[in-house]
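Written out below as structure tokens is the structure these notes cover.
Residue numbers (the UniProt record's numbering): 1 to 664.
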């Protein structure tokens, strides 16, 4: 806590002295004097560096970057205040003026050069990249000492409402002072380039969050250096000169505060993009304005106010185009989100099936928002079931971000997404938009869940029906059938003992016939309950027997069947057999085909049935709503299967995809 308080004290010193310097300068109306040319920059450095330094040291007291910020703010604020006070007295001969003038003249430079030479070396961790970089610190200190010593010895004046000479100057050493100042300045410029190179080298080898931190500062310092060169060599209005100077100085502490205090930096890439985009716009507009200004002044020099208006009219359309570009770069995700929502709404208006909505949602999220992965899941009584998944890149082991799908107070599923390449988190804007999208998708997922429950209920009914049919079949086969057969045998035995002219012979014959008819009825009922071929031969044997039975001189039926279908449940076997039997019946009755084929394949957790023929297709008086086709479709749908029938002039293909086992 003591360290935080000391840092806060230095920051407050910078704030107070900076604000006081501005107030004193304004009170004396001294902004236009040559001695106050750097005052806007000094005040801004004192205020911004103090505020950001207090923030950094309070959050990260052990990081020397924060201490560097508050130290620069305090030093520069004091120098700004001394600058303001030099011209605030009634006479340049005031003893206080003659004391503070040499101090201000000699010591204004160190905090400014520290920003360019030392701060990049210890950013962002508060320590040098390695011990090998101490020479760069010594080199910068050497340049600072030479520069300060040269300023101390050099003759100079402070221009305000009066002129104040440097009372510490030594006239005999002006040559040495000039050499020291020039040498120190070139050393400091070189040290600044070295510091910038250290950032670039570390950024080149860094990844993840550290790489993004270094990139942010690198862009800011590149802009600061570029604007300094522009201000030095390109003529421009004084107000533009100060705006560029102040903007460059403010961006450095702000970038430091953003990078150091935000540990996770989930949206630092967005911050970098916005900074770069706005810097490009500012520099482009400035360059355009100055270029048009120079050309216009050379071709048709006129009144400056008129020139400014003409330049504004010329640059304005260019500014609009740049603004649109900035909107796309800086706020691109918001634009993408709107586009994704619009595209999804359009697809919904196109009346896609409810079952296709999850896939459409995942596609729009991945394609429009440029995310790596999106998946929609549905909660069922059996656990979580994947509705749709779209993946743009391979799984790198990162954890997806999950959004629960709430409907009427219940979580019905979830939306899972993976951030863009190279990122581990979603920024706040994108996360809020995806949460809103999840709320809109939740009712659709709830409808799918209800459909799932209805389908399950129907499957349970089908299973119960098949089990009851099997029980009845066994009762008929094991009890009723043998009982009737036994009664018939007994009646036959009784009749054999009666004389041929006995009155009861006729009654006995009618009873035997009735028993025979009853046995026929029992067999027909048993067949309808479950084909006896399935009981005796199994599904594969029953289908082969069916193919042999229907083959003849004009029709050949081939089979492609697996040897083992024991994984199929009884209800699936019955449905498969009934569909094949009905399809082949249609071939015999309507197709006028010479060949047909039955294929059955187990593909994962599904059974694929295909019945093909080379006939004339469906008859003209039949369609997909015919009784036979409806019967087959119903058989498939009631066990959660799919059915299709495709007819051409060269034949018909009936296809059914059934679950391997009934889920009920």
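All residues carry an ideal CB built from backbone N, CA and C; glycine is no exception.
(request) Pick out whichever of 383, 366 and 445 has its Cα sitting closest to the Cα of residue 418. (result) 366
(request) Mind checking who residue 406 pairs with in its DSSP beta bridge? (result) 411
(request) Rounded to whole angstroms, what's the CA-CA distance from residue 266 to residue 427? Just pull it up for me. (result) With a pLDDT of 41 at residue 266, under the threshold of 50, the predicted position of this residue should be treated as unreliable, and no value is reported.
(request) Starting from the Cα of residue 440, find the closest Cα among 203, 221 and 412 and give me that residue. (result) 412
(message) Please list the terminal residues of the continuous alpha helix (DSSP H) segment that includes residue 86.
(response) 64-86
(request) Kindly give me the distance between the Cβ atoms of residue 140 and residue 188, rounded to whole angstroms, as I take these residues to be in contact under 8 Å. (result) 7 Å
(message) The beta strand (DSSP E) that contains residue 656, what's its start and end?
(response) 651-659
(request) Verify whether the separation of the beta carbon atoms of residue 180 and residue 199 is less than 8 Å. (result) no
(message) Which residue wins for smallest C-alpha separation from residue 649, given the options 501, 617, 627 and 593?
(response) 617
(message) Tell me the rounded alpha-carbon separation between residue 88 and residue 29.
(response) 10 Å
(message) In this structure, how does DSSP classify residue 622 when only helix, strand and coil are distinguished?
(response) Any reading at residue 622 needs caution, since the residue's pLDDT is 49, under 50, leaving its predicted position unreliable; the model's value is listed next. Here residue 622 sits in coil by DSSP.
(request) Taking the CB atoms as reference points, tell me whether residue 491 and residue 511 lie closer together than 8 Å. (result) yes
(message) By alpha-carbon positions, which one of 360, 653 and 658 ends up nearest to residue 640?
(response) 658
(request) Whole angstroms is fine: what's the gap from residue 485's alpha carbon to residue 472's? (result) 18 Å
(request) Out of 516, 577, 196 and 507, point me to the one whose CA is closest to residue 535's CA. (result) 577
(message) Tell me which residues share the same chain as residue 694 and place their Cβ nearer than 8 Å to its Cβ, disregarding the 5 neighbours each side in the sequence.
(response) Summary: the structure shown does not reach residue 694, with the chain confined to residues 1 through 664, and so no result is reported for it.
(message) Quick check: residue 84 and residue 25, are their CB atoms within less than 8 Å of each other?
(response) yes
(message) When you compare the CB positions of residue 127 and residue 57, do they come within less than 8 Å of one another, or not?
(response) no
(message) Suppose you measure from the CA of residue 377 to the CA of residue 14; what does that come to, to the nearest Å?
(response) 56 Å
(request) Classify residue 613 as buried or exposed, calling it buried when 16 or more other Cβ atoms lie within 10 Å of its own Cβ. (result) buried
(request) Given a cut-off of 8 Å, decide if residue 655 and residue 610 are closer than it, judged by their beta-carbon atoms. (result) yes
(message) Whether or not the segment 140-152 and the segment 239-252 are in contact is what I'm after, with contact meaning three or more pairs of Cβ atoms, one per stretch, closer than 8 Å; do they touch?
(response) no
(request) Please check the pair residue 106 and residue 53, which I expect to be a contact at CB under 8 Å, by giving their CB distance rounded to whole angstroms. (result) Between residue 53 and residue 106 the Cβ distance is about 24 Å, and since that is not below 8 Å, they are no contact.
(request) Tell me whether the beta-carbon of residue 137 lies closer than 8 Å to the beta-carbon of residue 119. (result) no
(message) For residue 432 and residue 425, I'd like the C-alpha separation in whole angstroms.
(response) 13 Å
(request) Would you kindly work out how many angstroms separate the C-alpha atoms of residue 615 and residue 359, rounded to a whole number? (result) 38 Å
(request) Grab the span of the beta strand (DSSP E) containing residue 383 for me, first residue to last. (result) 383-391
(request) Could you tell me the distance, in whole angstroms, from the CA atom of residue 575 to the CA atom of residue 447? (result) 27 Å
(message) Rounding to the nearest angstrom, what Cα-Cα distance links residue 406 and residue 442 in this structure?
(response) 6 Å
(message) My parser needs the beta strand (DSSP E) runs of 3 or more residues fully inside the segment 490-565; what are they?
(response) 556-560
(request) Report the option in 585, 458, 123 and 525 whose CA atom is closest to the CA atom of residue 203. (result) 123
(message) Tell me the DSSP secondary structure of residue 59 in three-state form.
(response) helix
(message) Within 10 Å of its beta-carbon, does residue 76 have 16 or more other beta-carbons around it, so buried, or fewer, so exposed?
(response) buried
(message) I'd like the span of the alpha helix (DSSP H) that includes residue 182, first residue to last.
(response) 174-205
(request) May I ask you to report which of helix, strand or coil DSSP gives residue 595? (result) strand
(request) Please list, in chain order, all residues of the same chain as residue 586 whose beta carbon is under 7 Å from its beta carbon, the five residues on each side excluded. (result) 628
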